[in-house]
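Positions 1 to 97 (the working numbering) are the ones given, in order, by the sequence shown.
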Amino acid sequence: MTLNCSADNCIYNNSGICYAGNIQIQGDTASTTTGTTCATFNSNKNDLMNCTSNSFTTSTDIDCMAKKCKYNSAGTCTASSVQINYSNANCDTFISY
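If you want it as C-alpha cells, here you go:
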C-alpha cells in the first residue's frame, strides 16, 4: 500500500509522506469523498514533531471509519493506494458501494 498525502500544511506530512505512524479516516455516514476526513491531520506547524523517524504509515496503520467505503474491511483500509487531498484532508480514495 502507498499513502500519498497532499495536505502539505499537516505537521505529519514531509514531501507527501505521512510520518504519523497511524492515521484514522473519519466519515461514519459519508457517501462521497467530501464526507471523509483524516482525523490525524494537524495543521499546527508550531508543534514539535520528529518527522524524520521511521514511523511511516503502512496499510495496517490506516483505520477507516467510513462504513460505506468499498475499501473498509472491519475498520481497516484495504486500498492499494490512498490519497489524502490538499484542501481539506479528505480521503480521495473513498468509493461508496
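Every residue gets a Cβ at the ideal spot worked out from N, C-alpha and C, and that includes glycine.
Judged by DSSP in its simplified three-state form, Asp-63 adopts strand. According to DSSP, residue pairing for Ile-23 in a beta bridge involves Ile-62. For Thr-2, the uninterrupted beta strand (DSSP E) segment begins and ends at 2-5. In the same chain as Ala-39, and ignoring 5 residues on each side of it, the C-beta atoms closer than 6 Å to its own belong to Gln-24 and Gln-26, in chain order. Thr-29 and Ser-15 have their C-alpha atoms spaced approximately 31 Å apart.
Asp-8 is classed as exposed because its beta carbon has fewer than 16 other beta carbons within 10 Å across all chains shown. By the criterion of a C-beta distance shorter than 8 Å, Asp-92 is surrounded in its chain by Thr-33, Gln-83, Ile-84 and Asn-85, once the five residues flanking it on both sides are discounted. Contact between Lys-70 and Ile-95 holds, with the beta-carbon distance rounding to 5 Å and staying under 8 Å.
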